[in-house]
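In this note's numbering, the protein residues as written are 14 to 155.
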């Protein structure tokens, strides 16, 4: 496992005291650990790479909102084997879930977690949930 570094992030919190209309603002500096000081590479695979391209932009917006930076790429099913070497997490679109056994085998050989994107999150374009799923797969890998 790579040595991580910490990013300082200022956070403001408003706290309302019980039975009071006054709010107190607290500022805090958080240390956010990043994996090895580098970006995690997430690969999304779908039939043609088009529908996941929309999800990629929503995932990137969700990551930016959380002050995270990841390399997120969408490819077609026939390009997946070519791009798996750069991936640290591989997520399949629901329409190519039939590829899961084959891709899991490739992932296991390379130490890359592979899973299918939740169809509701995929259909609604919930980039935040898909991003958190990728992060949890990556965390389990370590």
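Glycine included, C-beta positions come from ideal geometry on N, C-alpha and C. Quantities reported herein were computed from a predicted structural model and do not represent experimental measurements.
- The Cβ-Cβ distance between residue 53 and residue 144 does not fall below 7 Å.
- Taking 7 Å as the cut-off, the Cβ atoms of residue 109 and residue 90 count as close.
- A distance below 8 Å between beta-carbons, with the five flanking residues on each side excluded, links residue 119 to the following residues of its chain, in chain order: 94, 97, 125 and 127.
- DSSP, read as helix, strand or coil, puts residue 80 in coil.
- The alpha-carbon separation between residue 138 and residue 69 amounts to approximately 9 Å.
- Here the C-alpha atom of residue 135 lies approximately 8 Å from the C-alpha atom of residue 107.
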